[in-house]
Each structure stands twice: as structure tokens, then as C-alpha cells.
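Colleague:
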Amino acid sequence: MSDFKEQFEQKLDNLLQSRKEKRAQWIAQLLKIEKEGPKTSDDYNMKKRFEILRVGDDDRLIRKRKGLLTEFKFIVCFEEVHQAISVAHSAVGHGGEKKTFKEGQKKWANLTMQCCQMFISFCIECQRRKNVEYIKVWW
């Protein structure tokens with residue numbers, strides 16, 4: 001299982017650019033914007049797109065909500081992508097790329113179809129199912 005995760009994260013490293021450090025910079029920038037107000041066009045865009053959700057002592061970056069009662073979507077960082085897709089993929093019963101992607105999009109904002117496709121290509125359970133030969137019964 002850990003070999004699967006290592007292979008997945010190696011390939012994912014080539015695909016994704018956002019890292020934990022970048023997210024920390026964004027959180028710091030958003031906190032500065034909230035404190036001092038937006039000054040540049042980048043500040044206005046960031047304020048329009050993201051907000052910070054405080055969970056205990058941890059600040060999490062989320063997609064901007066329309067209202068306080070609407071559901072929020074986390075911005076998933078590189079280290080959390082494997083776990084996020086794994087949860088979504090298990091929730092749909094190893095369903096497939098599109099089902100996994102749609103399930104993941106319910107909670108995480110920046111999961112991509114490519115990430116889900118890559119995850120499923122490494123999923124041992126899905127590979128076993130794919131290689132099983134089904135016999136058609138004609139009545």
C-alpha cells in the first residue's frame with residue numbers, strides 16, 4: 001500500500017504546482033489583506049476567490065462561500081491529495097474516474113480529473129476488477 005502511495009505522489013509531484021509552502025504564503029497574504037485591506041489587483045482577486053477557515057489552531061484555505069451557511073470546499077494541498085482522492089474513491093465503491101471526481105469535488109475545490117485518473121491507474125482493487133474476464137450468459 002505504501003508503495004502505491006509513493007508512486008502516486010511521485011507522479012502527482014509532476015502534475016501539481018501548489019505545495020504546502022505556497023498555501024502558507026496565500027494564508028499569510030489573506031490575513032494581511034483582512035488586516036490592512038486589499039491594495040493590488042492580486043489582493044482583490046485573492047479576496048474574491050478564497051477565505052480562511054480556522055480549525056483549532058490550524059488555518060485552512062477554503063473557496064469563498066456565497067453565505068455563511070453554505071457548504072465550504074477545502075483547497076487541498078499536495079500532501080493531502082492522496083488521502084482526499086482515496087476517501088472519494090472509496091465512497092463511490094471504486095466506481096471510476098468521473099464518479100470519483102464528482103465525489104471529490106463535493107468537499108475539495110482543486111482536485112482535478114487528471115489526479116483522479118492517475119489515482120485510479122494505481123489503484124490495486126480497480127486493476128484487479130479491470131483484469132477479470134466476465135462471462136456473458138444468454139437466456
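First residue of the sequence shown: 1, per full-length UniProt numbering; consecutive thereafter. Where a beta carbon is used, it is the ideal one built from N, C-alpha and C, also for glycine. The model shown is predicted, which means the values in this text are computed figures rather than measured ones.
Would you call the segment 85 to 101 in contact with the segment 61 to 70, where contact means no fewer than 3 C-beta pairs closer than 8 Å?
Modeller: no
Colleague: Which residues mark the beginning and the end of the alpha helix (DSSP H) in which Glu51 is found?
Modeller: First-last for Glu51: 50 to 55, but that is the beta strand (DSSP E), not the alpha helix (DSSP H).
Colleague: To the nearest angstrom, how far is the alpha carbon of Leu111 from that of Glu36?
Modeller: 31 Å
Colleague: Have a look at Lys98 and Leu69 and give me their C-alpha separation to the nearest angstrom.
Modeller: 28 Å
Colleague: Give the range of the beta strand (DSSP E) segment to which Ile62 is assigned.
Modeller: 58 to 63
Colleague: Could you tell me the alpha carbon to alpha carbon distance between Ser90 and His82, rounded to whole angstroms?
Modeller: 12 Å
Colleague: Count the other C-beta atoms from every protein chain shown that fall within 10 angstroms of the C-beta of Ile52, then say buried if there are 16 or more, exposed otherwise.
Modeller: exposed
Colleague: Could you tell me how far apart the beta carbons of Phe74 and Lys107 are, in whole angstroms, since I believe they sit closer than 8 Å?
Modeller: Confirmed, about 6 Å.
Colleague: Check Phe119 in the structure and name its three-state DSSP category.
Modeller: helix
Colleague: So residue 145 is in the alpha helix (DSSP H); what residue range does that whole segment cover?
Modeller: Shown here, the chain extends from 1 to 139; a query on residue 145 therefore has no answer.
Colleague: Which residues in the same chain as Ile124 place their Cβ atom closer than 7 Å to its Cβ, once the five residues preceding and following it in sequence are excluded?
Modeller: Phe4
Colleague: Which residue or residues does DSSP assign as beta-bridge partners of Phe74?
Modeller: Per DSSP, Ile62, Trp108.
Colleague: When the distance is taken between beta carbons, is Ile27 closer than 7 Å to Asp43?
Modeller: no
Colleague: Verify whether the separation of the beta carbon atoms of Val76 and Ala88 is less than 7 Å.
Modeller: no
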